[in-house]
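Asks: Take a look at the following structure, please.
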Amino acid sequence: AQQQWGAAMARVSEKWRVLAGVLQDHALTSSPQQELMNLLASGMPSAALLHFLSSTLGEAGTKKLAKSVDSSVNAVHELLLNHLAPALEVVAFCMGELHGMAQCAPWMKPVCLQADALKAAEQECMLTMLRLKQVQREVSAQGAAYRSFFLWLLRTILLLNYEKLLQ
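The sequence shown finishes on residue 167 if you use this note's numbering, and the numbering steps up by one all the way, no holes.
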């Protein structure tokens, strides 16, 4: 999942660098982010952004990039949900069992279980589970943001291509 996410982010970064190069070639000083914000605000791309969207990135490139990012988000989410969460649940259960044993009958005294230390470990495990849930929500939110961005970008490219056909 980490490699997949890294590869997807490398592709996105490469496209940003290409767009920055296209902007420089057209003697523009704005950043790729500024150009996209201008497009979002006005609905009209600059000549450099139009060239990038139609010639360099294109519909197929946008779909490929969106699919790459989406599959990497899904891989990270699957790793968190299907591997880390169950492992943490098992650890939390074991910590709870050990804590219960430490507080129980005198026959557990020879094992030397320390109830306070086990309680602290159990609480840390629970906090880690809460952090994992928060990370899962953040990954989902980032995935949704990327999906929205790429859908908007794809719709913009399709509209620009349609306008070209009409001219």
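Where a beta carbon is used, it is the ideal one built from N, C-alpha and C, also for glycine.
Pick out whichever of H51, Q34, F93, M129 has its Cα sitting closest to the Cα of I157.
Replies: Per the Cα distances, H51.
Asks: Pairing CB atoms from the segment 33-52 with CB atoms from the segment 63-78, are three or more of them under 8 Å?
Replies: The segment 33-52 is not in contact with the segment 63-78.
Asks: A27: buried (16+ other C-beta within 10 angstroms of its C-beta) or exposed?
Replies: Classification of A27: exposed, given that the 10 Å Cβ count is below 16.
Asks: Please state whether DSSP places T62 in a helix, a strand or coil.
Replies: Three-state result, T62: helix.
Asks: When the Cα of L165 is compared with those of K15, A20, S54, which residue comes out closest?
Replies: Of K15, A20, S54, the residue nearest in Cα terms is S54.
Asks: In three-state DSSP terms, what is M9?
Replies: M9 falls in the helix class under three-state DSSP.
Asks: Decide if V182 is buried, meaning its Cβ has at least 16 other Cβ atoms within 10 Å, or exposed.
Replies: Examination of residue 182 is not possible in this model, given that the chain is present from 1 through 167 alone.
Asks: Throw me the rounded Cβ distance for the M95 and L118 pair, which I believe falls under 8 Å.
Replies: The Cβ separation is near 6 Å, so the contact holds.
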